Every structure is written in structure tokens, then in C-alpha cells.
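The structure appears below as C-alpha cells.
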Amino acid sequence: MTGTPQNILSIQSWVSFGHVGNAAAVFPLQRLGFEVWAIHTVQFSNHTGYGAWTGAVFPPEAVADLIDGIEARGALPECHAVLSGYMGSEGTVAAVVDAVRRVRGANPDALYACDPVMGDVGRGVFVRPELPDLIAAQAIPEADIVTPNQFELELLTGQVVDTLEHALEASRALRERMRVGGPRVVLLTSLVRSGAPENSIETLVVTDDGAWLCRTPLLPLDPPRNGTGDAIAALFLGHYLKSGQAAQALGLAMSALFGLLSRTHAAGTREIQLVAAQDEFVKPARLFEAQQVG
Numbered sequence: 000m001t002g003t004p005q006n007i008l009s010i011q012s013w014v015s016f017g018h019v020g021n022a023a024a025v026f027p028l029q030r031l032g033f034e035v036w037a038i039h040t041v042q043f044s045n046h047t048g049y050g051a052w053t054g055a056v057f058p059p060e061a062v063a064d065l066i067d068g069i070e071a072r073g074a075l076p077e078c079h080a081v082l083s084g085y086m087g088s089e090g091t092v093a094a095v096v097d098a099v100r101r102v103r104g105a106n107p108d109a110l111y112a113c114d115p116v117m118g119d120v121g122r123g124v125f126v127r128p129e130l131p132d133l134i135a136a137q138a139i140p141e142a143d144i145v146t147p148n149q150f151e152l153e154l155l156t157g158q159v160v161d162t163l164e165h166a167l168e169a170s171r172a173l174r175e176r177m178r179v180g181g182p183r184v185v186l187l188t189s190l191v192r193s194g195a196p197e198n199s200i201e202t203l204v205v206t207d208d209g210a211w212l213c214r215t216p217l218l219p220l221d222p223p224r225n226g227t228g229d230a231i232a233a234l235f236l237g238h239y240l241k242s243g244q245a246a247q248a249l250g251l252a253m254s255a256l257f258g259l260l261s262r263t264h265a266a267g268t269r270e271i272q273l274v275a276a277q278d279e280f281v282k283p284a285r286l287f288e289a290q291q292v293g
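Quick note, the sequence shown lines up with residues 0 to 293 if you use numbering that gives the first Met the number 0.
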């Protein structure tokens, strides 16, 4: 990236120890050459997968207040994208949507990438019970890019996703509810389906121009590492902003994530090795190309 870096407003959770939310998304975007304006929806000692943590959930007013301050600096016209992750409360969803609208008021070309953090296979819904409906009703219609995992796509569409065709159908149904006039990109992560090769994991991207699938080996990480969804959403957004090509962004993001998880597996650590694997974000050691499937 040459010249002045593009700017991304990232509204997500934060942990002091480990890497989830903004602590998983900000650094990869910075390594890709972006300036990141981070706003935290919570600040915890560690991710909740440990079963115990300390810290606080920030009120929605705190998010809005920080947007006020950024706007007062005259910075919003230079914001190229908004990325949201874990929101935590009804008011925070509204505050994020308001932030997106304010950014678009200053820069109509800005993109909104929504990672609809709501739950996962095996864990079920792990946010407040009202949040899935609120995200579906308020955030999805404003989004240009949505990055659900398989569980979240089923939750958002009410459709079963167990084959490639079902994944395509559900992704297309979700696209119909996204912002009119935007690129309407759906990135389906952690796809496990019938007909896929054994010991593999796939990510699917669906756009106006078609659909592409990227497959990598499934590493034996047990338990699954927290923060991988936050990282892939950030990596995909970064590469998409650079190229405008969803298939290229998918291949590079998945290759980078595989390098990150390979380093994590080799280290045997509970937390993803974000700093140790940082060169993978810029130049992955092993490239996995996206294949067109629709």
C-alpha cells in the first residue's frame, strides 16, 4: 500500500490477555497497512472461553461518545470502512448502526463489514437472547459485507446449511437483506458440509459476480481457538479494500489464517499466535486459491 493509509473504524470487544475482538483484528489490519481506529464494546481480562474473567461492559453511550470525538476531529470523511464484531447489548447495536450512518454521511463510499457475533456450533447462542433478532433487523440491512460462521448463517436465515448448495442458497438469501447499492458480500466461515474432503475446512464467499470456495487442511486444534473468526473478518476486509476482488481477498485471508493457526498448533498454545505469525498476514508461506463454485 502506497501513499496515505486507508482508515478503518473497528468497533468490537477487547481483551488484555490473548486475542479476540479488536485484540485479534487490529494488529493484522495494521500489518496490512491500514490505520485502525478502535472502539471497544467491552474490556475484559481475557476471553470468556476460560470460564472466568474480570472487566466491564461499556455502555452504548460510551461508543457514541467516542464517535462524537472522532467526528469533532473532522476525521469521518477519511474513514474508508467500519468493522463491527461483538456488540453485547441492544443499545450497542443501535450505536454501531448510528456510527455507520454517520461515517457514510461523511464518506458515501465507506463500506460496512458486519461480523454478526452470536454463537457457534457446539456452543449455541452465547450472546443475550435478544441480540440475534436485533442484529438481523438493524445491522444486516446496513451491511456491505457480512461474515457469519455456519451456525450464525443458519440463525440469520432459518435455513439448514449442510451441503454446498444449501450454503449457497442461505448466503444468497442473506444477501437479499443487505444494503441496496452495496456490494452485498457474504463470507461464510468455518463451513463443514457433506461432500467436502475429510480433514478440511472451507470458507465460501458469495457476491454479485459469483461464488468462490477456499479449502485448507483442518488442523487438530482442540479446543478450537477463540479469535479466529475475528481475525478472518479483519483479514478479508483488509484484502477486499485493497483489491476490490472477493475471490482474491478470500484466498489471501484464508492463507494467512492457515499460517496463523499452523503457528498456533506448533506452539501448542491456548491463544492464537498473532504476533509470532505476523508475516503470514502480508505474505503467507502457503497459498490456497479460491475456486469458483457458482
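Note that CB positions come from ideal geometry on N, CA and C, so glycine has one too.
As the structure is a computational prediction, the values presented were derived from the model and not from experiment.
Taking the beta strand (DSSP E) that Tyr111 belongs to, which residues open and close that run? For Tyr111, the uninterrupted beta strand (DSSP E) segment begins and ends at Leu110 to Cys113.
Let me know the secondary structure DSSP gives Asn21 once reduced to three states. Note: Asn21 maps to helix in three-state DSSP.
Element boundaries [beta strand (DSSP E), containing Ser199]: Ser199 -> beta strand (DSSP E) spans Ser199 to Thr206.
Measuring straight from C-alpha to C-alpha, what distance separates Val19 and Pro196? Going from the Cα of Val19 to the Cα of Pro196 covers about 29 Å.
Who pairs with Gly209 in a beta bridge, going by DSSP? As DSSP reads the structure, Gly209 sits in a beta bridge with Thr206.
Looking at the unbroken alpha helix (DSSP H) that takes in Leu137, where does it start and where does it end? What sits at residue 137 in the sequence shown is Gln, not Leu. From DSSP, Gln137 is part of no alpha helix (DSSP H); its letter is neither H nor E.
Run the CB neighbour count on Phe16, radius 10 Å, all protein chains shown included, and call it buried at 16 or more, exposed below. Exposed, because fewer than 16 other Cβ atoms sit within 10 Å of the Cβ of Phe16.
Helix, strand or coil at Val120 according to DSSP, with G and I counted as helix: Secondary structure at Val120: coil, using DSSP grouped into helix, strand and coil.
What's the call for Gln291, buried or exposed, on a 16-neighbour Cβ count within 10 Å? Exposed is the call here.
Are the beta-carbon atoms belonging to Leu260 and Leu286 less than 8 Å from one another? In this structure, Leu260 sits away from Leu286, with a CB-CB distance that is not shorter than 8 Å.
Are Pro182 and Glu151 touching if we call contact CB-CB under 8 Å? Cβ distance not < 8 Å, so Pro182 and Glu151 don't count as in contact.
List the DSSP bridge partners of Arg214. BP columns for Arg214 point to Glu201.
Span separating the alpha-carbon of Phe317 from that of Ala93: Limits of the chain in this structure are 0 at one end and 293 at the other, which puts residue 317 out of reach.
Please say whether Cys78 and Val96 have beta carbons closer to each other than 8 Å? No, they are not a contact pair.
Is the CB-CB distance between Glu153 and Val160 below 8 Å? Remark: C-beta atoms of Glu153 and Val160 approach each other more closely than 8 Å.
Which of helix, strand or coil does DSSP assign to Gly54? The answer is strand: DSSP assigns Gly54 an E or B state.
Under 8 Å, do Gln158 and Ala142 count as touching if we go by C-beta distance? No, the Cβ-Cβ distance between Gln158 and Ala142 is not below 8 Å.
Short of 6 Å in beta carbon distance, which residues of its chain neighbour Cys213, apart from the five on each side in sequence? Order them along the chain. Excluding positions up to five away in sequence, the list reads Thr202, Leu249, Gly250, Met253, Phe287 and Ala289.
What did DSSP end up calling Leu256 once you bin it into helix, strand or coil? Looking at Leu256 - three-state DSSP - the assignment turns out to be helix.
Among the residues of its own chain, which have a CB less than 6 Å from the CB of Gly118, if the five just before and after it don't count? Correct list, in chain order: Val124, Phe125 and Phe150.
Helix, strand or coil: how does DSSP classify His46 here? DSSP places His46 in coil when its eight states are reduced to three.
Are the stretch 69–86 and the stretch 3–13 touching by the rule of at least three beta carbon pairs closer than 8 Å? Counting Cβ pairs under 8 Å, three or more are found: they touch.
Flag this pair as yes or no: are the beta carbons of Ala166 and Leu186 separated by less than 8 Å? Not in contact: Ala166 and Leu186 (Cβ atoms no closer than 8 Å).
Is it buried or exposed for Glu175, if we count other Cβ within 10 angstroms and need 16 for buried? In the assembly as shown, Glu175 is an exposed residue. Its beta-carbon has fewer than 16 other beta-carbons within 10 Å.
Could you give the distance in angstroms between the alpha-carbon of Ala98 and the alpha-carbon of Ser242? Looking at the backbone, the Cα of Ala98 and that of Ser242 are separated by about 25 Å.
Quick check on Ala276: does DSSP put it in helix, strand or coil? Three-state result, Ala276: coil.
Could you tell me how far apart the beta carbons of Tyr194 and Leu163 are, in whole angstroms, since I believe they sit closer than 8 Å? Looking at the sequence itself, residue 194 is Gly, so the reference to Tyr does not match. Indeed they touch by this definition, with Cβ atoms about 6 Å apart.
Using alpha carbons as the reference points, say which of Val35, Gly48 and Gly90 lies closest to Phe57. Nearest in C-alpha terms to Phe57, of all of Val35, Gly48 and Gly90, is Gly90.
Entirely within the stretch 54–80 and at least 3 residues each: give me those beta strand (DSSP E) ranges in chain order. Entirely contained in the stretch 54–80, the beta strand (DSSP E) runs reaching 3 residues are, in chain order, 54–56.
Please classify Gly68: is it buried, with 16 or more other beta-carbons within 10 angstroms of its beta-carbon, or exposed? Taking all protein chains shown into account, Gly68 has fewer than 16 neighbouring C-beta atoms within 10 Å of its C-beta and is therefore exposed.
DSSP has Val145 in a bridge; who is on the other side? Its beta-bridge partners are Cys113 and Val185.
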